[in-house]
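In my numbering, the protein residues as written are 3 to 443. From the three backbone atoms N, C-alpha and C, an ideal C-beta is built for every residue, glycine too. It should be emphasised that the depicted structure is a prediction, and the values quoted were computed from it without experimental measurement. Reading through the C-alpha cells given below for one structure.
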Ligand code: SF4
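Written as C-alpha cells, this is what we have:
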C-alpha cells in the first residue's frame, strides 16, 4: 500500500500563531487538506494540451477535467489539495484563516509529488490542482508550490495537468518559474471590490493581486510571441490564467461583480472568472451572512459572464444602476430582450450574427448553424426545433419563414413577471453529503 511509505511523519511549521500537532500520517493530512481545498472552485482545466514525452509519464488532453479528490478514494480526475491549511492571514470568509479553530496539516512538496504520481498511476486522476494557505511569506509559500511542480516535471517527467495557485505579492521570478511547469496559473481576486477586501480580507490588496495577474499575462504574452518565432521556445501557462471571486459574502451587487470580472478579462486576458457562492461555516464571523448565497445567483452570473464573452453583450447592459441585481427567475438574455422590445422581432433568415445572438433561446453555436443553413434555404420554426433551439423562448422574438410573432405575443414576452421563482426553488448545499457537488439528491 502506497500510504505505508509515509507512516508517521514529523514536521514543523514556522508560524508562531498556530498550535501544531506533532505527528500525522499522509492519510490524515490528505483528509484535512483535500477537504480544505473544496472551497476553491477555479479548477477547471479545459484548454491545456501537453504531449507525452518518451520515457516520461502521462499527457494532458484538451478535455475539461474539473473534479476533486474525495477522501474515501473514489475515482477522481483531479487531485485537488492544499499544500497546507495553515495561514497567517485572517480573511474573514475563509475557514482556513489564522483565527479559525480547525485541524491543521501541512504536506512537504515531496509528499504531494508522491501522492500525485501514485494516484496518476492508479488512474485516479488526470492532474493536480494545488493551492495553499500563506505560511511565513508569499515568497516562501510560492517557492513550496513551485517546488512541487518542478519535481513533478523535471525529476519525474510528469506530463499530466498541473494547475498552481499563485500567491499575490510573491517575487515575479517565482511566477516566471511556475509558468514553465504549470498548465494553468491562477491568482484569486477573492472579493468583488477593494472595499470588500478592506472589510473581510484586510491583508489582501486588489492592486497587489492585479499586479500578480499582470505579471502572469505579460510573461504569457512574451512566451507566446517567442513560440510564434520558434516552436522550441518554452511554453508559459499554456492554459492561461483564471481567478475566483466569492459572492454573497458582502453586499456587492451583481453589477459590481460583473464590472470587476469584465475588467479582469480585458486587462489580464483571463480564461475564466469563477464565481463561488459564499457558504456559511460553523462559528463564522458575525460580519458574514447567516445564509448561503443562492446557487441560482451563481448560475445567473455565469450566464451573464457567457453573454459578455461570447454573445457581444456589455456587462453594463445586463443590469441597470437602479436595479443592479440579476433576475433570479429568468436568464439575463431574456431579461434584456424584455427590456428592449424596440430591438425585436429579428428575422433569422436575414439578420446579422450580432442580432441573432440576442434572441433568447438561441445559443451561439446554433447561430453559426443558422448562418450556414440559410445560405441554402429559408429556415422555419421546424428547422429551429431540429437544431434543438428552445423555440418556445425564441418565437416571440424572431421571424422565420413560417412564423411572424403577433404583437400580443411579443407584448406578453416583454412583460416583466411580478413573481420571483426563487421562493419556490430549493437551494442545494454544495458540500452536504447529499449535495449539488456529489450529484446526489
Ligand atoms: S490567504 Fe487564502 S487561505 Fe489564507 S485566510 Fe485568506 S483566503 Fe484563506
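For residue i, the three-state DSSP class (helix, strand or coil)
i: residue 188; result: strand
i: residue 165; result: strand
i: residue 181; result: helix
i: residue 123; result: helix
i: residue 76; result: Confidence at residue 76 is low in this model, with a pLDDT of 43, below 50, so the placement of that residue should be treated as unreliable; the coordinate-derived value is given next. Coil.
i: residue 361; result: coil
i: residue 239; result: coil
i: residue 403; result: coil
i: residue 85; result: coil
i: residue 349; result: strand
i: residue 67; result: Because residue 67 carries a pLDDT of 38, less than 50, the predicted location of this residue cannot be relied on, and no value is offered for it.
i: residue 108; result: strand
Per-residue burial, residue i [other beta carbons within 10 Å of its own, 16 or more giving buried]
i: residue 215; result: buried
i: residue 378; result: exposed
i: residue 172; result: buried
i: residue 183; result: buried
i: residue 25; result: exposed
i: residue 406; result: exposed
i: residue 133; result: buried
i: residue 189; result: buried
i: residue 161; result: buried
i: residue 384; result: exposed
i: residue 390; result: exposed
Residue range of the alpha helix (DSSP H) that includes residue i
i: residue 58; result: Note, residue 58: premise wrong, no alpha helix (DSSP H); not H, not E.
i: residue 275; result: Not the alpha helix (DSSP H): residue 275 falls in the beta strand (DSSP E), residues 274-279.
i: residue 243; result: Taken as a continuous stretch (DSSP letters only), residue 243 belongs to no alpha helix (DSSP H), being part of the beta strand (DSSP E) at 243-249.
i: residue 367; result: 366-375
i: residue 213; result: 208-231
i: residue 393; result: 393-396
beta-carbon residue i near ligand 1 non-hydrogen atom, thresh 7 Å
i: residue 136; result: yes
i: residue 89; result: yes
i: residue 93; result: yes
i: residue 172; result: no
i: residue 99; result: yes
i: residue 192; result: yes
i: residue 203; result: yes
i: residue 96; result: yes
First through last residue of the beta strand (DSSP E) which encompasses residue i
i: residue 298; result: Premise fails: residue 298 lies in the alpha helix (DSSP H), 297-312, not in any beta strand (DSSP E).
i: residue 133; result: 129-133
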